[in-house]
Amino acid sequence: MIPEDIENRARNGLATREDALKLLKENPFELFDMADRLRRESVGDDVTYVVNRNVYITNMCRGKCNFCSYNQPDGYILTIPEILEKVETAYVAGATEICIQGGFLPELKLDFYLEIVRAIKEKYPDISIHGYSPMEINHAARVDGISLEEAFTKLLEAGLGTLTGTSAEILCQRVRNIICPEKITTEEWIDTIKSAHNAGLVTNSTIMYGHVETWKERIDHLLILRDIQQKTGKFTELVPLPFLPYNNRVGKKMIKEGRYGPGGIEDLKFYAIARVLLSKHIPNIQASWVKLGNKLAQVALNCGANDLGGTLMEDQITVASGGKNGEYLHPEEMQWIIRGIGRRPVRRDTHYRECK
Ligand SMILES: C[S@@+](CC[C@H](N)C(=O)[O-])C[C@H]1O[C@@H](n2cnc3c(N)ncnc32)[C@H](O)[C@@H]1O
Ligand SMILES: Nc1c(NC[C@H](O)[C@H](O)[C@H](O)CO)[nH]c(=O)[nH]c1=O
Ligand SMILES: N[C@@H](Cc1ccc(O)cc1)C(=O)O
Ligand code: SF4
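At position 207 of the sequence shown (counting the first as 1) the number is 207 in full-length UniProt numbering, and the numbers step up by one without a gap.
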C-alpha cells in the first residue's frame, strides 16, 4: 500500500528523497497508479506532442564522453544553405519547432551559432528554434571571453527560442567522473542553465539514466532540477533519456557484465518517481517514443508521463547508440498512439501551448 502521507506530500510538491526511496520498495504497479493519479491532477488527461525536426549541424564531436556513440572524428559541418534546406522540409511538413543539435566542436564560435539562428529566423519567422547544448555555449562564451549571461542574451536576441537541457546526464560528479570526466561538471551545468534562465531563455531538462548511477543519484538529479525550477521557473519539461548501450565504452563494459541498460519496468519506475518529485514543479514529463518505442511510450503515459515528444524526422544520436525505433513518427500515427490509450491527442508548441 502506498503511504497516504507520501502521496499527499507529492501532491503538494513536497515529496522528499526518502519518500522516493520508500516508494521504490512498494509494489511497482501501485507506484504507477499513484503517478498516474498525480499526472491527472496536475495536467489532466490530454497527451501532447510537437511537430518538429532535428537538424544535426555536424556529426563530428571532439568530446570524449564514454557513454556516447555520436563522436565520429571525421564528418560534415552543414553550411547555412544546407541547414535551410533541412528546415524547408520541416516547414513543408508543418513543423513548429526545429531542434539544432550536433557534437561538440571546440572550433565552432558563438558567431556561427548566432548566424544559424538568424538565417533560419529570417526565412522562417514562425518556426521556433530549440537547440544547442549548455556545454557548447559554455565553451563558446569562454572562448569569446564573455559571460554566460551575455552569450545567452545574444542567442535570445538572434532568435533562439529555447535551449536544450542536454549535457546534464546525471548531475553527480561521482557518475560524471566515470561516464564523462571531461564534460562540464555538475556545478558548471547548473551554473550554465541558471545563467540561461536569468538571461530570459527557457530550456528543457534531461536526465540520461540506466548506466552506472544509483537510484539515490537519479533522485538527487531530479531534486536539483526541482530546486532550479523553484528559483527560475524556466524549465518547460523533463525528457528522461534511457541509456542505450551500443557502440560506446560505458555500454561495452556493461554488456560484458550482462547488462544492457534499463529494462521496461525500470523505465516505468523512473517515470513514476519523476512524476512524484516533479509534478507540481515541472508538470510536463516526456515519454520519448524514439527511446522507449511506441508501445512502451503508451504505457509510460499511464505511469506519470503526459507528452509523447516530437515527430523528429531524423535522430542520429539514438541510431548511433543502437536505437531501433525509427527516426520519424508521423503526426497522424502519434495521434493514433495516443487515442489507443483512450486519451485526447493535443498538438502543442515548444511552450506547451495548444496549436489551433
Ligand atoms: C549526443 S549529445 C549532443 C549535444 C551535445 N554534444 C551535448 O553533449 O550536450 C545529446 C545528449 O544525448 C544523450 N545521449 C548520448 N549518448 C546516449 C546514449 N548512448 N544513450 C542515451 N542517450 C544518450 C546524452 O544525454 C547527451 O547529453
Ligand atoms: N529533439 C529531441 C527531443 N526533443 C523533444 C522536443 O524538442 C521537446 O519536447 C520540446 O518541444 C523542446 O523543449 N526528444 C528526444 O528524445 N530526442 C530528440 O532528439
Ligand atoms: N537528442 C538527444 C537528446 C535531446 C533531448 C531533448 C531535446 O529537446 C533535445 C535533445 C537524444 O535523443 O538523446
Ligand atoms: S554527449 Fe555530446 S559532447 Fe559527449 S561525445 Fe556525445 S556528442 Fe560529444
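Even for Gly, the Cβ is constructed at its ideal location relative to N, Cα and C. Since the structure is predicted, the reported quantities are computational estimates derived from the model, not experimental observations.
Per-residue DSSP class, three states only, for residue i
{"i": "N325", "result": "coil"}
{"i": "M313", "result": "coil"}
{"i": "P134", "result": "helix"}
{"i": "V299", "result": "helix"}
{"i": "N12", "result": "coil"}
{"i": "V346", "result": "strand"}
{"i": "Y271", "result": "helix"}
{"i": "E354", "result": "strand"}
{"i": "Y260", "result": "coil"}
Near ligand 5: residue i beta-carbon under 7 Å from a heavy atom
{"i": "N248", "result": "In the structure shown, ligand 5 is absent; the only ligands present are ligand 1, ligand 2, ligand 3 and ligand 4."}
Euclidean distance between Cα positions of residue i and residue j
{"i": "V50", "j": "R344", "result": "14 Å"}
{"i": "L308", "j": "Y76", "result": "30 Å"}
{"i": "E88", "j": "L110", "result": "24 Å"}
{"i": "D349", "j": "T48", "result": "9 Å"}
{"i": "Y70", "j": "Y132", "result": "15 Å"}
{"i": "I83", "j": "E157", "result": "20 Å"}
{"i": "G94", "j": "N27", "result": "43 Å"}
{"i": "T232", "j": "L114", "result": "24 Å"}
{"i": "K291", "j": "P245", "result": "12 Å"}
{"i": "P277", "j": "T79", "result": "This sequence places Leu at residue 277; Pro is not what is there. Cα to Cα, the separation comes out at about 42 Å."}
{"i": "L24", "j": "R259", "result": "20 Å"}
{"i": "M208", "j": "P240", "result": "6 Å"}
{"i": "A90", "j": "R53", "result": "6 Å"}
{"i": "I6", "j": "R142", "result": "44 Å"}
{"i": "K253", "j": "V299", "result": "30 Å"}
Of the listed residues the options, nearest to residue i (C-alpha basis)
{"i": "R40", "options": "R118, A20, N306, G310", "result": "N306"}
{"i": "T236", "options": "A140, R353, P134, A141", "result": "R353"}
{"i": "K22", "options": "I179, M1, I190", "result": "M1"}
{"i": "R118", "options": "G161, G304, V175", "result": "G161"}
{"i": "F32", "options": "L292, D267, I317", "result": "D267"}
{"i": "V319", "options": "L78, F243, L163, C172", "result": "F243"}
{"i": "R339", "options": "V239, L163, K295, I317", "result": "K295"}
{"i": "E188", "options": "P240, A168, E122", "result": "A168"}
{"i": "H211", "options": "R176, N204, F152, I190", "result": "R176"}
{"i": "I193", "options": "E136, G159, G145", "result": "E136"}
{"i": "S279", "options": "L222, I265, N54", "result": "L222"}
Contacting residues, own chain, Cβ-Cβ under 6 Å from residue i (five flanking each side not counted)
{"i": "L329", "result": "W289, T311"}
{"i": "D46", "result": "R344, V346"}
{"i": "I224", "result": "L171"}
Sequence-distant residues of its chain with Cβ nearer than 7 Å to residue i (five each side left out)
{"i": "E149", "result": "S195, N198, A199"}
{"i": "R275", "result": "A35, L38, R39, I285, G304"}
{"i": "C180", "result": "C65, N66, F67, E169"}
Contacting residues, own chain, Cβ-Cβ under 8 Å from residue i (five flanking each side not counted)
{"i": "L301", "result": "V47, A287, L308, I338, I341, R343"}
{"i": "N138", "result": "L148, I184, E188, T192"}
Kindly confirm or deny that the region 214-221 and the region 243-250 touch, where touching means at least three C-beta pairs closer than 8 Å.
no
Evaluate contact between the region 53-62 and the region 1-15, counting only Cβ atoms and requiring at least three cross-stretch pairs below 8 Å.
Cβ pair count under 8 Å is below three, so no.
Any contact between the region 90-98 and the region 126-134? By contact I mean 3 or more CB pairs, one from each, below 8 Å.
yes
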